[in-house]
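Q: Got a structure for you, questions after.
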Amino acid sequence: MNIDLNIFPVAWYAVTWSKELGNKPIKVRLLGKDYVLFRDEKGIVRCLNAYCPHRGADLSLGFCHGGQLQCAYHGWRFEGDGTCVSIPAHPNKPVPSMAHARSYPVREAASLIWLYPQQVENEETLPPLGLFKDLYDDQYTFTPTMVTWQAHVTRVVESILDMTHLHFVHRKTIGRYMKPTLDQFSFTVEGNNWDIHVDGAHIEFIFPQHMILRRPWGGKRSFINYYCFTPIDENQSKVFCVTGRNFARHIPGMNKFFMSYNLKIFNEDKPIVESQNPISIPEMMQLEVHVDSDGPQVRYRQRWYQFLQNKLEPRIDVHEQRLNILRS
Ligand code: FES
Ligand SMILES: [Fe+2]
């Protein structure tokens, strides 16, 4: 089988933090395509293709007026569903149907904005966001961290499912007290759900894009780390990480501490993951060597190969996205 680096599963992906989107539109990139996000008059997030159907100007340079998005170039205005409602140069002529912009499903939850990168006829046919309930649990104080790596998302996901790198890569942080061997390591995989227990931590990964780690912190204290793995294109990925703690919730400086500690951990991984050759998982299982402790990553790899072969699973080819800037 030839692995196609350009093909990715369609799913709900985190694209930015809620707090980044105020009353100005912003541009985000997902799977090789740019989108513009803005808030309508109720503050609800809307998402359109980033480039204006008129002359391709970047709509994130435009303005929000009365819940509509106005292009900065000639002032055409768009509703959240992409309907073009005004062409100022021709106020008395009907708007041509080609003037409407493409709109995409978008949601706001757990301090993040989520994008589903495919148009749908009927929003009811969309899969649910499927976030872990911990992200809505008010016993936790949450802190955000986001990193961008020059790496294919398959290598990024595997790095976070990987347990035996902790002792080596994170020897100055979370791996300081870990041995090269794994204690109490067990995992099961059913369909898209991974369930991993290791050294007192419990990890759930849901294919293709997100994962939670839960760790007791002594007594009733507990700590969670949530990750969404967002492919920007075939060479770049983002990880949106939300850390929750039910202790030291109101101690000044604690949020900053958690953010910078997380960043430090990610920066320990970054040069390793960016160094991997080939950039994505290789095209066949046999092209790299697997041992028992790689079990969760081996199952991920098998699931990715299965996805590539099963053409019925929704997918996006990032090269096609680039060829169809206005049409897709
Ligand atoms: S390019 Fe957007 S209105 Fe002309
Ligand atoms: Fe790591």
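Be aware that the sequence shown starts at 90, since it is given in the working numbering, and climbs by one per residue.
Even for Gly, the Cβ is constructed at its ideal location relative to N, Cα and C.
This structure is a prediction, so every number in the text was calculated from the model and none was measured.
Among the candidates MET187, ARG338, LEU352, ASN181, whose CA atom is the shortest distance from the CA of THR172?
A: Minimum Cα distance to THR172 is reached at MET187.
Q: Can you give me the C-alpha to C-alpha distance between SER326 and LEU126, rounded to a whole angstrom?
A: So the alpha carbons of these two residues sit roughly 19 angstroms apart.
Q: If you draw a straight line from the C-alpha of VAL362 to the C-alpha of ILE301, how long is it?
A: Cα to Cα, the separation comes out at about 20 angstroms.
Q: Given a cut-off of 9 angstroms on the beta-carbon distance, is the pair CYS141 and LEU204 in contact?
A: No; because the gap between Cβ atoms is not below 9 angstroms, this pair is not in contact.
Q: What distance in whole Å lies between the Cβ atoms of THR232 and PHE347, which are believed to be in contact at a cut-off of 8 angstroms?
A: Correct: roughly 4 angstroms between the Cβ atoms.
Q: Which residues have a Cβ closer than 6 angstroms to any heavy atom of ligand 2, listed in chain order?
A: That query returns the following residues: SER248, HIS254, VAL258, HIS259, ASP358.
Q: Shorter than 8 angstroms, the distance from the beta carbon of TYR124 to the closest heavy atom of ligand 1, or not?
A: For ligand 1, not one heavy atom lies less than 8 angstroms from the Cβ of TYR124.
Q: With DSSP as the reference, please indicate the residues paired to ARG418 in a beta bridge.
A: This structure cannot speak to residue 418, because the chain is shown only from 90 to 417.
Q: Please tell me whether ARG404 and PRO98 are closer than 9 angstroms, where the distance is taken between their beta carbons.
A: In this structure, PRO98 lies closer than 9 angstroms to ARG404 by Cβ.
Q: Quick one: Cα of ASN399 to Cα of MET343, how far?
A: If I take the Cα positions, the gap works out to 46 angstroms.
Q: Distance, Cα to Cα, SER417 vs ARG191?
A: Any reading at SER417 is ruled out, since the residue's pLDDT is 44, under 50, leaving its predicted position unreliable.
Q: Which runs of the beta strand (DSSP E), 3 residues or longer, sit entirely within the segment 126-193?
A: As far as the segment 126-193 is concerned, its whole beta strand (DSSP E) runs of at least 3 residues are 134-138, 152-154, 157-159, 173-175.
Q: Quick one, are the C-beta atoms of VAL246 and PHE294 less than 9 angstroms apart?
A: For VAL246 and PHE294, yes; Cβs fall inside 9 angstroms.
Q: Please confirm if VAL245 has its CB atom under 9 angstroms from at least one CB of chain D.
A: Checking the listed chains, one finds no chain D in this structure; it contains a single protein chain.
Q: With DSSP collapsed to three states, give me the class of HIS254.
A: Coil, per DSSP.
Q: In three-state DSSP terms, what is VAL209?
A: In this structure, VAL209 counts as coil in the three-state DSSP scheme.
Q: Please report the distance separating the alpha-carbon of GLN298 from that of PRO217.
A: Approximately 13 angstroms between the Cα atoms of the pair.
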